Amino acid sequence: MKGPVKGSGGRELTVRVKTARGRTASSQRWLERQLNDPYVARSKREGYRSRAAYKLIEIDDKHHILAPGKRVVDLGAAPGGWSQVAVQRVGSTDADPRVVAIDYLEMDELPGVKLFIKDFLDEDAPALLEQALGGPADVVLSDMAAPTTGHQQTDHLRTIYLAEVGADFALNVLRPGGHFLSKVFRGGAEGSLLTTLKQNFATVHHIKPPASRAGSVELFVLAKGFKGRKADVDADAEPGDAGEDGSGWQP
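Quick note on numbering: the UniProt record's numbering labels position 74 of the sequence shown as 74, and the sequence is numbered without any gaps.
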């Protein structure tokens, strides 16, 4: 089976995958998407470990959260696409590592990355990451997502929980002015997360980068300009305090 192929006029032709014994319909659709996805082809040409690298590239090209010398934590790092982008943009090296990554999935080591093969939800994981950083973080990235169940609301709640845990970690390790970027899923349960981020950051942005498939429920929340952690949520805050539409999102 081959990926996109060129027709006589030079345009790409869509590849259709024949049904194979033992392959489910969903796995067949996934394989067809992979074979016909220009970001997958580009990642192979340019040496990135996953198409997800382009999501971070597109977000950073617009919002400029990564810069030379910054310290970065990558939560849910496997297979390493975001870590690769972070290494390039902050100038991390083995001699001066500026990127710390963690995932419970196996992941090959990367130059310039301190890697932990460990569940971020383990009790000792946050302390290990803080120690490895060697100082306050400038950026906390989280591409964590719970294994999908096929039930959209359940998947949304589980992923929002991971985003909330990542945000709590970010509030403990970021230096003033730092940034937090996290994956979320559409579903309506992110109100508490947004309230926390609006309290502690100058701006909160809701992002769907071009590299995120249009049909996916995946979104990203970017909180910029850490103001310092607020001890308690203001229970009397009006909806308008979160943004003009009450949602907390800014474009």
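Even glycine gets a Cβ: it sits at the ideal position worked out from N, Cα and C. If you're wondering where the values come from, they're calculated on a predicted model, not measured in any experiment.
Suppose contacts are defined by Cβ-Cβ distances below 8 Å. Is residue i in contact with residue j by that definition?
i	j	result
Ala146	Arg158	yes
Ser92	Val99	yes
Leu181	Ile59	yes
Lys55	Ala211	yes
Val139	Leu219	no
Phe185	Val217	yes
Leu141	Ile102	no
Lys118	His179	no
Gly81	Ala52	yes
Lys114	Ala132	yes
Lys183	Asp143	yes
Gly135	Arg71	yes
DSSP has residue i in a bridge; who is on the other side?
i	result
Asp203	Correcting the residue type first, residue 203 is Thr in the shown sequence and not Asp. In the DSSP output, where bridge partners are listed per residue, Thr203 has Lys224.
Glu218	Phe185
Asp74	Ala101 and Leu141
Along the beta strand (DSSP E) that carries residue i, what are the first and last residues, could you check?
i	result
Ile102	Val99 to Asp103
Leu141	Ala137 to Ser142
residue 252	Missing from the structure shown is residue 252; the chain here goes from 1 to 251 and no further.
So the alpha helix (DSSP H) residue i belongs to, where does it begin and stop?
i	result
Ser83	Gly81 to Val90
Ile59	Ala53 to His63
Pro147	Neither: Pro147 is in no alpha helix (DSSP H) and is coded neither H nor E.
Ser43	Pro38 to Glu46
Leu129	Ala125 to Leu133
Tell me the start and end of each unbroken beta strand (DSSP E) in the stretch 165-198 that is at least 3 residues and wholly inside, in chain order.
If we require 3 residues or more, the beta strand (DSSP E) runs fully inside the stretch 165-198 come out as 174-185.
Can we say the stretch 119-129 touches the stretch 147-156, given the rule of at least three CB pairs closer than 8 Å?
no
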